[in-house]
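Asker:
There are 4 protein chains.
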Amino acid sequence: MFILVNFKAYDVDPVAIATAAAAVDAETATNIGVAPQAADIGPVSETGATTWAQHTSPVEPGSHTGQPLAEGLARNGATGTLINHSERRLTLAEIDASIRAAERAGLDTIVCANNPDQIAAVAALGPDAVAVEPPELIGSGTPVSQADPSIVSDAVEAAAGVDPAVDVYCGAGISTAEDVDAAADLGADGVLLASGVAKAEDPAAALDGLVTE
Amino acid sequence: MFILVNFKAYDVDPVAIATAAAAVDAETATNIGVAPQAADIGPVSETGATTWAQHTSPVEPGSHTGQPLAEGLARNGATGTLINHSERRLTLAEIDASIRAAERAGLDTIVCANNPDQIAAVAALGPDAVAVEPPELIGSGTPVSQADPSIVSDAVEAAAGVDPAVDVYCGAGISTAEDVDAAADLGADGVLLASGVAKAEDPAAALDGLVTE
Amino acid sequence: MFILVNFKAYDVDPVAIATAAAAVDAETATNIGVAPQAADIGPVSETGATTWAQHTSPVEPGSHTGQPLAEGLARNGATGTLINHSERRLTLAEIDASIRAAERAGLDTIVCANNPDQIAAVAALGPDAVAVEPPELIGSGTPVSQADPSIVSDAVEAAAGVDPAVDVYCGAGISTAEDVDAAADLGADGVLLASGVAKAEDPAAALDGLVTE
Amino acid sequence: MFILVNFKAYDVDPVAIATAAAAVDAETATNIGVAPQAADIGPVSETGATTWAQHTSPVEPGSHTGQPLAEGLARNGATGTLINHSERRLTLAEIDASIRAAERAGLDTIVCANNPDQIAAVAALGPDAVAVEPPELIGSGTPVSQADPSIVSDAVEAAAGVDPAVDVYCGAGISTAEDVDAAADLGADGVLLASGVAKAEDPAAALDGLVTE
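Chains as they are written, first to last, in the working numbering: chain A, 1 to 213; chain B, 1 to 213; chain C, 1 to 213; chain D, 1 to 213.
#1: Could you check what DSSP says for B:LEU92 in three-state terms: helix, strand or coil?
#2: My parser needs the alpha helix (DSSP H) runs of 4 or more residues fully inside the region 27 to 92 of chain C; what are they?
#3: How long is the line joining the alpha carbons of A:PRO14 and C:ALA70, rounded to whole angstroms?
#4: How about C:ALA101 and C:ALA113: do their beta carbons lie closer than 8 Å?
#5: Does any CB atom of chain D fall closer than 8 Å to the CB of A:TRP104?
#6: With the cut-off set at 8 Å, would you say A:ILE119 and A:VAL130 are in Cβ contact?
#7: Can you confirm whether B:ASP202, when its beta carbon is compared against all beta carbons of chain A, has any partner nearer than 8 Å?
#8: For chain A, is any of its Cβ atoms less than 8 Å away from the one on D:VAL12?
#9: Tell me whether B:GLU213 sits in a helix, a strand or coil according to DSSP, three-state version.
#10: At the level of alpha carbons, what is the spacing between A:SER150 and D:GLY190?
#11: Verify whether the separation of the beta carbon atoms of D:VAL144 and D:VAL5 is less than 8 Å.
#12: Since B:LEU90 meets chain C, which of its residues come closer than 9 Å, beta carbon to beta carbon?
#13: Measuring straight from C-alpha to C-alpha, what distance separates B:ILE95 and D:ASP208?
#14: Which one or two residues does DSSP pair with B:ASN6 in a beta bridge?
#15: Please list, in chain order, the residues of the region 124 to 157 of chain D that have any C-beta partner in chain A closer than 9 Å.
#16: Short check: CB of D:GLN146 to CB of D:ALA182, under 8 Å?
#17: My understanding is that D:GLY126 touches D:ILE83, with C-beta atoms under 8 Å, so please give their C-beta distance in whole angstroms.
#18: Quick test of the definition: if touching needs 3 or more C-beta pairs under 8 Å, does the region 51 to 62 of chain B touch the region 60 to 74 of chain A?
#19: Please list the partners that B:ALA113 has in chain C, where partner means a Cβ-to-Cβ separation under 8 Å.
#20: Figure out for me which residue from A:LEU210, A:VAL211 and A:GLU201 has the closest Cα to the Cα of A:ALA16.
#21: Could you check whether C:GLY42 and D:GLY42 sit closer than 8 Å to each other, using their CB atoms as the reference points?
#22: For the alpha helix (DSSP H) containing B:ALA160, name the first residue and the last one.
#23: What's the C-alpha gap between D:ASN115 and C:ALA9?
#24: Please compile the residues from chain A whose C-beta is within a distance smaller than 8 Å of the C-beta of D:VAL59.
#25: Determine the direct distance from the alpha carbon of C:THR109 to that of C:ASP179, and round the result to whole angstroms.
#26: With H, G and I counted as helix, E and B as strand and the rest as coil, what does DSSP make of A:ALA188?
#27: So the alpha helix (DSSP H) C:ALA172 belongs to, where does it begin and stop?
#28: Could you tell me if C:SER45 is buried or exposed, where buried requires 16 or more neighbouring beta carbons within 10 angstroms of its beta carbon?
#29: Taking DSSP's pairing of strands, which residues face A:THR109 in a bridge?
#30: Between the Cα of C:GLU103 and those of C:GLU60, C:GLY48 and C:LYS199, spot the shortest distance and give me the residue it belongs to.
#31: Can you list, in chain order, the residues of its chain whose CB lies under 6 Å from that of A:GLU213, leaving out five sequence neighbours each side?
#32: Give a yes or no on whether 8 Å exceeds the smallest Cβ distance from B:GLN118 to chain A.
#33: List the DSSP bridge partners of A:VAL132.
#34: Using a C-beta cutoff of 8 Å, does C:ASN76 count as contacting chain B?
#35: Are there 16 or more other CB atoms within 10 angstroms of the CB of B:SER140, so buried, or fewer, so exposed?
#36: Given that D:VAL122 touches chain A, what residues does it touch there, using C-beta distances under 8 Å?
Here is the structure:
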């Protein structure tokens with residue numbers, strides 16, 4: 001399993017959480033990654049944590065201002081990027097171009113979507129992975145694997161029907177090892193989470209709580 | 001005069017250009033700033049160059065993904081931010097909120113706009129500075145101070161009519177000391193430029209050429 | 001006073017409400033206008049009601065798909081258009097261009113904004129009128145003239161400071177004649193409302209209730 | 001074959017072109033539809049022409065301003081709607097919701113996309129039809145069936161691989177019966193065009209030229 005912790009625009013110390021994530025990653029069989037804001041990618045990657053961007057621009061190098069160019073993310077230490085997160089939706093053509101941009105810069109890709117139909121749609125664009133996050137469960141505290149397990153298994157099936165090589169993640173409401181295990185049982189290759197770790201009083205303990213039971 | 005060099009999403013070495021900018025800034029009476037991509041702010045600010053963001057998100061800390069939070073830009077070394085660049089247009093409410101976000105994080109602000117009426121509009125929102133950039137001249141190679149000098153003097157007058165404390169910059173097509181001097185003669189407090197320096201074969205020489213005659 | 005009733009995307013009979021509005025307009029000293037969806041402008045204007053668009057595209061005639069061209073709204077009976085409604089925010093450059101598009105087609109303009117600073121900003125662009133609608137009060141049932149009267153008087157002052165010829169409207173939570181009178185006492189030239197009339201069980205009675213006490 | 005003529009935001013007489021389209025539709029075996037701006041849907045549909053919207057909002061009835069609600073388009077005479085036209089791009093979630101909105105209102109759907117991968121993506125969302133339009137050929141005068149025939153046959157194959165019930169259209173540069181026949185030979189069920197008819201000096205003759213050789 002791969003657990004990716006999105007720091008969003010939380011008022012937190014990204015280096016401290018990344019340091020904790022790198023330690024848990026080293027001590028356990030679970031792979032942990034972190035997704036800080038673009039400006040924090042450099043110092044976060046220097047902790048040794050597997051570092052992802054929250055978003056990459058679909059553009060090629062050129063006259064574009066205020067957008068995170070894939071090459072700029074990569075040269076500061078990112079090894080992957082979320083695309084089309086529910087808080088950063090893109091047009092279909094931009095999703096397609098963002099996957100191409102990430103490939104160009106050597107970044108892995110996880111493309112987010114709302115439901116199994118949309119998962120099939122983004123799987124058709126050839127990303128490394130897709131992630132299903134039902135909008136109504138984001139930030140709800142109720143894990144998707146419990147509130148709506150079929151959405152996870154349907155997403156796994158939908159992606160496999162289009163491209164069996166595409167990994168499938170799920171997200172929304174995940175905060176315990178039980179939730180992570182339930183996601184794995186439903187066929188997910190990993191989970192996305194955010195506040196459960198990044199806003200925890202003790203992020204290291206929260207991460208430990210995800211990988212041990 | 002303040003010269004702000006926007007690195008856009010150019011395929012350039014941001015640290016090398018920033019190092020050159022810091023040197024010219026130290027050796028001359030002209031203040032030079034640089035605006036790299038968000039992920040490059042840390043290494044660029046470590047050169048000692050005055051570092052600006054190309055864009056800041058209007059949001060407050062919280063559940064927002066893939067947006068550059070003002071606090072995140074500031075903690076990595078940015079001291080100011082462009083807002084509403086012609087390649088990163090915002091709604092009016094977002095411009096207002098972005099100025100508030102920058103103030104919250106201690107970032108200076110330059111809000112871009114197309115013409116004198118829009119300059120008056122953004123001056124009413126209380127930024128530190130405004131910048132007029134006629135869209136048809138961006139990247140044209142023809143300096144705004146020569147192609148349409150009245151747009152600069154009208155922008156200076158428009159901003160002063162709303163708030164005399166707001167500085168006024170101009171941009172588009174500027175590449176020589178003569179262009180910079182012409183902007184100053186028209187009442188501008190500084191200039192924005194991009195390709196003239198950032199894509200020059202020798203950025204240090206291009207910067208020298210802006211401040212000496 | 002001018003009362004403009006926004007039909008939004010409500011599931012209502014636009015012709016029936018417009019017919020009621022035209023009757024109240026004819027029988028009283030208050031001017032009533034209605035703002036249906038673009039596709040309903042023709043049949044609504046045929047009732048004799050003063051018909052406004054909810055939005056106009058900033059574009060000039062040409063290769064643009066799925067946008068309401070100002071000339072198309074006008075030829076079907078619209079005499080004015082809202083611009084930058086809180087549910088249809090535009091960039092500053094688009095607000096400017098939308099005012100120009102409306103002028104080109106002979107449409108009156110009301111540009112919406114959140115607060116007095118933004119009112120000053122949009123007044124600088126030369127619309128016929130501006131409308132202040134505090135986002136937190138929209139749909140709240142609490143009239144802006146009661147919840148935050150200073151926002152209305154400050155907006156009136158802000159607009160007058162930029163351009164005394166610009167009319168000022170207010171909106172959010174208005175549903176009674178008392179609310180309308182309070183808005184007038186604060187210096188407003190008119191009010192915007194929506195659900196209070198459009199979703200009323202008896203829209204004609206709701207309109208009567210706005211103009212008589 | 002179905003030929004859908006997009007009137008875009010052209011400065012043309014929509015009723016005149018629609019009248020010509022209805023006549024050609026009645027006189028030939030080819031089905032002709034027209035896609036006027038939202039405000040023109042009523043008078044255009046009264047000509048008897050098969051009338052499509054250029055865009056429908058993804059929203060359900062409610063508090064949404066300046067967006068064409070599917071029900072509003074349908075009650076004024078539209079029988080179908082384009083979705084995600086290259087000049088009106090939507091996020092993936094909006095494309096999905098727009099298809100649902102159109103179904104709710106009884107409108108047929110054609111979802112546009114750039115290339116065969118994106119065609120597979122949108123086919124996964126269950127529209128009635130998809131349309132491939134290579135952006136670089138739009139308005140080029142060079143028909144897609146001639147410039148890049150494999151993009152059409154690849155799109156037909158990509159859609160069939162996802163859902164054989166989805167019709168496939170192509171567009172960009174089509175202006176003659178030869179182009180239409182070439183599209184049919186490549187497996188297309190119809191074509192989208194715009195300026196070739198809508199901006200022709202004699203739209204009726206241009207339509208005749210599409211269906212006879």
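In this text, a Cβ means the ideal position worked out from N, Cα and C, and glycines have one as well. In this text the structure is predicted, and so the values were computed from the model without any measurement.
Answerer: Quick answer:
#1: helix
#2: 41 to 45 and 70 to 75
#3: Rounded to whole angstroms, A:PRO14 to C:ALA70 spans 49 Å at the Cα level.
#4: no
#5: Looking at the sequence provided, one finds Arg at residue 104 of chain A rather than Trp. Judged by the 8 Å Cβ criterion, A:ARG104 is not in contact with chain D.
#6: yes
#7: Answer no: the Cβ-Cβ gap between B:ASP202 and chain A never drops below 8 Å.
#8: no
#9: Note that B:GLU213 scores a pLDDT of 49, beneath 50, so its modelled location is shaky; the value from the coordinates is reported in the next line. It is coil, neither helix nor strand.
#10: Those two C-alpha atoms are separated by around 37 Å.
#11: For D:VAL144 and D:VAL5, no; Cβs fall outside 8 Å.
#12: Identification of chain C residues near B:LEU90 by a Cβ-Cβ cut-off of 9 Å yields THR91 and LEU92, ordered along the chain.
#13: Whole-angstrom Cα-Cα distance: 51 Å.
#14: B:ALA35
#15: ALA124, LEU125, GLY126 and PRO135
#16: yes
#17: The Cβ separation is near 12 Å, so there is no contact.
#18: Segments in contact, yes.
#19: LEU92 and ALA93, listed in chain order.
#20: A:GLU201
#21: It is a contact, given that the beta carbons lie within the stated cut-off.
#22: 149 to 162
#23: Distance between the alpha carbons of D:ASN115 and C:ALA9: 33 Å.
#24: Near D:VAL59 there are no residues of chain A at all, since even the closest Cβ is about 15 Å away, more than 8 Å.
#25: 23 Å
#26: coil
#27: No alpha helix (DSSP H) contains C:ALA172, which DSSP labels as neither H nor E.
#28: buried
#29: A:THR81
#30: C:GLU60
#31: Note on A:GLU213: pLDDT 49, under 50, position unreliable in the model; the coordinate value appears next. Sequence-distant partners of A:GLU213 (beyond 5 residues in either direction) whose C-beta falls short of 6 Å from its own C-beta, in its chain, are ALA177.
#32: For B:GLN118, the answer is no, since every Cβ of chain A falls outside 8 Å of its Cβ.
#33: A:ALA113 and A:CYS170
#34: no
#35: exposed
#36: Under the 8 Å cutoff, chain A gives LEU92 and ALA121.
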